[in-house]
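Working notes, structure below.
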């Protein structure tokens, strides 16, 4: 985790006033001292954006009025940014990410990558053509005990996988917050910004990626049903999805922003013919493993017996809990290693278990489309690929 060479120069678009995710990204960038935040656009209001930039120590000349100006100027500077974080609402992801990728600047783009699979595939293509990195911060995959679970499954600890069950069921929007002026609720429940299957794009994509990341399996087809629990809401706020993974392995995803009384509500359980495991985000430093007889072993973050995949992302010793901000930092640590290797002409540092890329973002968008298509076809089994256009 030690700094190798100069710090990477980072920029940000979005993440301004009232945007908690912007602060989270900045904390993650800073924790291992691998990046310096050098440039940004922190909102549509130029004055407010400049004030935020100043409070973050960004020089006045690198606080920009818009992302196009920023991409152009930073690409021309000898000390221009190495990577930009796109932390804006969903509908703006594509043009912003495209502008920077075309200049050869690496992009970290919040999920969902774009609003449709055609534009997501376009970003993947542009990144490849410009030999630059496109990453998506599905940061739950950067928890050490998630990495441990993924390593155990790849090493055959559970035997043949028989069932995958994931919930990302939060109650944060179980009431009509969008009618109260709540900033996040206002755009996340606006179909023009978040898309009509909002909960699938917002929470379902995290659950889907976590299932894929831990098991190493890909979904062959799915069947989805969408619901709106809060009366008058313009988007779907609850989804139940059945999946068939490689080899016919069945699975289930429940995604909700209206699961009354739930806090974050992220849990994954994976069953095999030799055992099972469970990880919960609200207790992230423990991994519960059960054998055929039902005996339970609790693996704890920091144990000396954990795999290198988990140990390398552990900052403090056994008994010292680490959490959400550290997971973001772990994502940025893996990314920093690869960005620095490319900058310095060294071999790639990407591991089997590493940071999610634009491919993961594209698969997430295809997942959203397939769920929507299945719902529109009365829950029919649907292959998660291609682009559709539907309305509530």
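In UniProt numbering, the protein residues as written are 1 to 392. By construction, the Cβ of each residue, glycine as well, lies at the ideal position given by its N, Cα and C atoms.
By the Cβ test, the stretch 333–344 is not in contact with the stretch 183–193, since fewer than three Cβ pairs between them sit closer than 8 Å.
Counting along the chain, the unbroken beta strand (DSSP E) around residue 222 starts and ends at 219–227.
DSSP, reduced to helix, strand and coil, places residue 209 within a helical segment of the structure shown. Check the Cα spacing between residue 240 and each of 165, 135, 290, 184: the tightest is with 165. In its chain, beyond the 5 residues on either side, 253, 364, 367 have a beta carbon closer than 7 Å to the beta carbon of residue 208.
Residue ranges of uninterrupted beta strand (DSSP E) with 3 or more members, entirely inside the UniProt domain "GFO/IDH/MocA-like oxidoreductase" (146–278) and ordered along the chain, are 161–169, 219–227, 238–245, 250–256, 266–272. The beta-carbon distance between residue 327 and residue 147, rounded to whole angstroms, is 10 Å. This is too long to meet the 8 Å contact definition. A residue is called buried when at least 16 other Cβ atoms come within 10 angstroms of its Cβ; residue 319 does not meet this threshold and is exposed.
Collapsing the DSSP output to three states places residue 38 in a strand. The alpha-carbon of residue 107 is positioned some 35 Å away from that of residue 288. The C-beta separation of residue 159 from residue 272 comes to about 4 Å, placing the pair in contact by the 8 Å criterion. Taking 8 Å as the upper bound for CB-CB distance, residue 361 and residue 109 are in contact here, some 7 Å apart. Rounded to whole angstroms, the separation of the alpha carbons of residue 74 and residue 203 is 33 Å. Contact annotation: residue 63 and residue 39 have beta-carbon atoms nearer than 9 Å. Looking at the backbone, the Cα of residue 325 and that of residue 308 are separated by about 21 Å. Nearest neighbour of residue 228 by Cα position, chosen from 382, 217, 259, 378, turns out to be 259. Going by DSSP, residue 126 is part of the alpha helix (DSSP H) stretching over 117–129. Under the three-state reduction of DSSP, residue 71 is assigned to helix.
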